[in-house]
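The numbering of the sequence shown is this note's numbering, which starts it at 1 and goes up by one. Quick notes on the structure that follows.
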Amino acid sequence: MTAGLAPGLVSGWLNTLRTTGNGGAAYSAVAGTFVQLHTGDPGAAGTSSVSVGSTTRNSFVFSSSSSGSALSLGTPPSAWTNGGTSETLTHISVWTAASSGTFLGSVALTTSKPWASTDQFTLSTLTAALTPQAA
Numbered sequence: 001m002t003a004g005l006a007p008g009l010v011s012g013w014l015n016t017l018r019t020t021g022n023g024g025a026a027y028s029a030v031a032g033t034f035v036q037l038h039t040g041d042p043g044a045a046g047t048s049s050v051s052v053g054s055t056t057r058n059s060f061v062f063s064s065s066s067s068g069s070a071l072s073l074g075t076p077p078s079a080w081t082n083g084g085t086s087e088t089l090t091h092i093s094v095w096t097a098a099s100s101g102t103f104l105g106s107v108a109l110t111t112s113k114p115w116a117s118t119d120q121f122t123l124s125t126l127t128a129a130l131t132p133q134a135a
């Protein structure tokens, strides 16, 4: 399994392209976005390999898209502090709530991060893009 958008998110976006008379429905805006840390691929449900050092999902806000092509991290989440284990962070998952909520997708970190007890980890950039676009 490779990291990517959750099937439910993709289906919701694609269904907005259907006409209303043909079962099309508006996709509701996400009320909040939260990041969770992982030590391996989160899988199709986003629940695999959750970090033991911190199970907290930190909130963040995307800035406005630029020419419809990308969203960038507007407000970085606060740093996570490792609560007492040594592990290597490799992925993040994005959710609609601090607990439970809807899984939106996952991505591998550019570089794996060894994370020891009491270390901090701060996500400084996160970009989402839908490409290519018509010229």
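Where a beta carbon is used, it is the ideal one built from N, C-alpha and C, also for glycine.
Assigned exposure category for residue i - 16 Cβ within 10 Å defines buried
i           : result
residue 32  : exposed
residue 105 : buried
residue 78  : exposed
residue 51  : buried
Spatial neighbours of residue i in its chain, beta-carbon cut-off 8 Å, leaving aside the 5 residues before and after
i           : result
residue 14  : none
residue 117 : 53, 82, 83, 84, 85 and 86
Residue i, DSSP secondary structure in three states
i           : result
residue 112 : strand
residue 126 : coil
residue 12  : helix
Neighbourhood of residue i by C-beta distance below 7 Å, restricted to the same chain and skipping five residues each side
i           : result
residue 45  : 103
residue 42  : 48, 49, 91, 93 and 106
residue 124 : 76
residue 56  : 80
Sub-8 Å separation of residue i and residue j beta-carbons
i          : j          : result
residue 37 : residue 80 : yes
residue 34 : residue 98 : yes
Residue from the options whose Cα sits closest to the Cα of residue i
i           : options           : result
residue 29  : 115, 95 and 47    : 95
residue 49  : 57, 55, 56 and 40 : 40
residue 113 : 4, 92, 35 and 63  : 92
residue 101 : 59, 11, 4 and 51  : 59
residue 89  : 12, 4, 65 and 121 : 121
residue 126 : 7, 63 and 12      : 63
Same chain, Cβ closer than 6 Å to residue i, neighbours up to 5 away in sequence not counted
i           : result
residue 9   : 104
residue 6   : 103, 104 and 105
residue 119 : 82
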